[in-house]
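If you read the sequences in order, they're chains A and B. Reminder that position 46 of the first sequence reads as 174 in this note's numbering, one-by-one numbering, no gaps. Reminder that position 212 of the second sequence reads as 1166 in this note's numbering, one-by-one numbering, no gaps.
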Amino acid sequence: MTAIPVVRHQRAAIDRQQAIAGIFVMLGLVDIFVFGFLADKGDAVFTFTLTGAAVSVPNLNLAPGPVSEGLGALSIVLGLLYAGLKLTSLSRRLTAATVMLAFVVAFLCWCDAGRTPLPFVSLMQTTMLASIPLVLGALSGCLCERSGVINIAIEGQLLLGAFAGAVIASSFGSIWLGLFSGSIAGGLLGALLAVFAIRYVVDQIILGVVLNVFASGLTGYLYDQALVPYQNRLNSPNTFSSIKIPVLGDIPIIGPILFDSTIFLYITYVMVALVHIGLFKTRWGLRVRAVGEHPTAADTVGIRVLFTRYRNVILGGLVAGIGGASLTIGSVGSFGKDISSGQGYIALAAMIFGRWTPLGATGAALLFGFSVALANVLGTIGAPIPSDFLLMLPYVATIVAVAGFVGKSRAPKADGQPYVKS
Amino acid sequence: MSENLTGPGGNGPEHKAGPVEGPPGAEGSPGDTGPDAATAAQANVATSLLNAVLEGNSAVVTFLAIVTAIIIGGLLIAFSSPTVLHAWSHLFSAPGAAFSTAWAVAASAFSAMLEGAIFNPHTISAAFHGGSIAAIFNPLSETAVNATPLILSGLAVALAFRAGLFNIGATGQFIGGAMIAGWIGFAVHMPMILHVVVAVIGGFIGGSITGGFVGFMKARTGAHEVIVTIMLNYVMEFLILFLLGLAVFRAPGLPNPVSPPVDNNAMLPHLAGATLRINAGFLVALAAALAVGWLLNRTTVGFELRTVGANPNAARAAGMSPERTWITVMLICGGLAGLAGASVILGTDFALTPQIYGTYGIDAITVALLGRAKPGGVVLAALLYGSLNAGGVTMQAQTQIPVDITTVIQALIVLFVAAPPLVREIYHLRGRRNREGGQLLAKGWSS
């Protein structure tokens, strides 16, 4: 590239820093003038104890006015500092996290002021539950795209995983077999993606969309054709029950959120760790990333490019398939048409939001899960904001994120480029 | 293109057995490829045709893709229906029954589809016994009605493809258009003709705003249009849900979120009598296809658009502005998808519902791909898909086979169309040996 794009890029970077600072200040103003001044009378009450818990934690009562105004002032100060100072990347992220947290707390105070107490623990439990398919889907994306194959078919992998999980668990009476076959079903769609992307060099973005349509049509057809007439035999699986981890599960607040859930949450922990360590701390991961960044160079040093891609795309499918199974045998049990309802696309956004890293993607997925859970909880306490807007939030946040915050993020260099040996 | 449907219903498997006999139909040519071609000139034509077929040019590949997808769809129907599964369980006592039942189920499904999409013989005899003549044309009218929004939204995706953009956002743009067209339709009162024209234009503008936002974001911030359009689809889906909860949009006295019906003046006029649903929206769609063709091939904007699509860096070096082109293209594409929304709410549905966008947005992608991102191709592909959709409804009503099978067939068609080497392998066509898949656009996230 010539010098011109570089100059453009620097100017854009400066613009971006100021734009982000501007967003911080604006959020602070919203904290003060909307969440502070316009709050209803009465305290916002947060409860931290589930009924029947051994240790009870006292409720937290906050007066929305002063709290929101204080948090708003903090955000404005941080925004001004952000614009003026040259910050390291870590402190920049910390600042952003603080401002976001302040905004969420002020928002919650405003929503809950003078209403029924907000159950923090069950809010976070719902968050974890909603995040499982998103995290696993995003990990699937990381595995594929780090090796250079774009995976938009996460949605289809979730859907097939959910379908196979419910049907196999129901007809064979074994939820473990259901979990296993859900994973396999996701892997099969991954294999289809791999064959068409690698062998037949089909454009990968188009391919992913078409595979999603295919999965939706296939499961919808089989649902009407077979699952509805044979509901009892084919679509009434048992579900996994919660396993409470000894000691850890008894910790107040954290215990019920993190260590008292179905096997799927624990699988997710293990997967996040495995994919992160695998991709960034092992020779295996170095090779995968080499294939995703510069396949020609990888090929030259003897790494089998196409094999690596096939393997990773199928692995990704297997992981997303588990996430799909969690939608049926991990929560509601029976399969319904289009049960994944776009969560595969959210997982894709989470992966991009998280800059193609497993940990970043997990964080983003948790954020999306949180906003879904929040919409549920706020609906039940009768918050003064339509739940449609809350449900919109993760999508708007993603648009803002791809436009601004992660503007510098970069996909693996050869992502989406077929490799043809010349 | 819809006539192709006749083949697989009756003689699908033969295509598989002898691909050479099948394809000439795709060419729509009167020439005979058989050995009895009389003169040398005819033989010449025949040879070149045969060569075209054997080398698998794009028309042949498209035709074979459609045939293959329909065969697979037929197999899926045949081997998932409860009656056939029952027959299979008696495979060893009555082996013939299993195959004949499978054949009968698939054949009845496709003939029902044909009756719903093209022509139903019963309507003719009914017409002789005092039935309505219009009923004969009802299947064709339904195909056109189903094709109308697909043509418009398919154009929205196709035009974006030509500029190197992947517009998954037809759903959101469709909602944007339907919202404004619908609102003008029921909340504003105007005289005849003027009202429907204003409402249609409103639909274009509504889609244009939604699409233009995507172009603007890409041009100004570099946000990838695939992500922005996907996210915007969900935002718009929740927006319409929210609006239908407001008094301004909600029909009074109804329990479910539905808007009031649009005024009679705002409805797109019927083209062939009140009993057939075909309406002026179909003409709007055809006109839009002509306009897009003219824009692409006869104007400076179209030239810039295609140049940017082929290579944005070269376009920039030649003094064009890819950024400006992206915004312009997305404004137009959004408008086209908005017109699709207007055609649905003013032509068939007449009231806004939370599910008004259906699956048009995703179908639009497959239509654009099948039509190879050319306006004429999009029209043909949309007619094929419209006939599949119209036929699918009849099929479900007559044979209880779920309509989702059409989605499977549509997805398979595009999968095969997008992978010519695979089709060549299946049918042992010669073809070029180099891998030329993904010819529409092969880029990553970084484009």
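Each residue gets a CB set at the ideal place from its N, CA and C atoms; glycine is no exception. Remember, it's a predicted structure, so these values are computed and weren't measured experimentally.
- Proximity of VAL1111 (chain B) to chain A, defined by a Cβ-Cβ separation below 7 angstroms, is not satisfied.
- When Cβ-Cβ separations below 7 angstroms define contact, SER1034 (chain B) makes contact with chain A.
- Chain-order list of chain B residues neighbouring VAL530 (chain A): MET1171, THR1175, GLY1176, ALA1177, HIS1178, ILE1181, VAL1182, MET1185, by C-beta distance under 9 angstroms.
- The alpha carbon of PHE176 (chain A) has as its nearest neighbour, out of A:ILE379, A:PHE517, A:ALA525, the alpha carbon of A:ILE379.
- Within chain B, the residues VAL1362 have their CB atoms less than 7 angstroms from the CB of LEU346 (chain A), given in chain order.
- The C-beta of ASP427 (chain A) comes no closer than 7 angstroms to any C-beta of chain B.
- Under a 10 Å Cβ-count criterion, GLN353 (chain A) is classified as buried, with 16 or more other Cβ atoms of the shown protein chains found around its own Cβ.
- Taking a C-beta distance under 7 angstroms as the contact criterion, ALA448 (chain A) and ILE282 (chain A) qualify as a contact pair.
- DSSP lists A:LEU190 as the bridge partner or partners of ALA172 (chain A).
- The alpha-carbon separation between PHE235 (chain A) and PHE496 (chain A) amounts to approximately 16 angstroms.
- Below the 7 angstroms Cβ cutoff, chain B contributes SER1034 as neighbours of LEU350 (chain A), in chain order.
- A direct Cα-Cα distance of roughly 11 angstroms separates LEU321 (chain A) from ASN440 (chain A).
- Going by beta carbons, PHE1128 (chain B) and TYR1311 (chain B) fall inside the 7 angstroms limit.
- Considering only A:LEU393, A:LEU476, A:GLY451, A:ALA477, the residue with the shortest C-alpha distance to ILE467 (chain A) is A:GLY451.
- The three-state secondary structure of SER468 (chain A), taken from DSSP, is coil.
- Within the region 359-421 of chain A, the alpha helix (DSSP H) runs of at least 4 residues that lie entirely inside it are, in chain order, 359-362, 382-386, 391-409, 411-421.
- Bounds of the alpha helix (DSSP H) holding ASP240 (chain A) are 217-240.
- In the DSSP assignment, the residues bridged to PRO247 (chain A) are A:THR175.
- The continuous alpha helix (DSSP H) containing SER1012 (chain B) extends over residues 1012-1032.
- For LEU1094 (chain B), not one C-beta of chain A is nearer than 7 angstroms to its own C-beta.
- Taking all protein chains in view, the Cβ of HIS404 (chain A) is crowded by 16 or more other Cβ atoms within 10 Å, so the residue is classified as buried.
- As the crow flies, the alpha-carbon of ALA1269 (chain B) is around 10 angstroms from that of THR1279 (chain B).
- Proximity of ILE513 (chain A) to chain B, defined by a Cβ-Cβ separation below 7 angstroms, is not satisfied.
- At a cut-off of 7 angstroms between C-beta atoms, LEU1383 (chain B) does not count as an interface residue with respect to chain A.
- For the 7 angstroms CB-CB criterion, GLY1108 (chain B) and VAL1362 (chain B) do not form a contact.
- Contact check for ALA1141 (chain B) against GLY1157 (chain B) fails: the beta carbons are separated by 7 angstroms or more.
- Separation of the CB atoms of ALA1239 (chain B) and SER1162 (chain B) is rounded to 17 angstroms, and the pair is thereby denied contact status at 8 angstroms.
- Close to chain B, meaning a Cβ-Cβ distance shorter than 8 angstroms, are the following residues of the region 469-485 of chain A: GLY470, TYR473, LEU476, ALA477, ILE480.
- From the listed residues A:PHE248, A:ALA191, A:GLN146, the smallest Cα separation to PRO384 (chain A) is found for A:PHE248.
- Of the other Cβ atoms in all chains shown, 16 or more fall within 10 Å of the Cβ of ASP388 (chain A); this residue is therefore buried.
- Using a 10 angstroms sphere on the CB of SER275 (chain A), the tally of other CB atoms reaches 16 or more, which defines it as buried.
- According to the DSSP assignment, TYR328 (chain A) belongs to no alpha helix (DSSP H), since it is labelled neither H nor E.
- The beta carbons of GLY1130 (chain B) and THR1164 (chain B) sit closer together than 7 angstroms.
- Listed along chain A are MET520, TYR523, VAL524, ILE527, each with a C-beta nearer than 9 angstroms to that of VAL1189 (chain B).
- Each residue's CA atom was taken as its position, placing GLY444 (chain A) and ILE312 (chain A) some 11 angstroms apart.
- At a C-beta separation below 9 angstroms, GLY1199 (chain B) has these neighbours in chain A: PRO514, ASP516.
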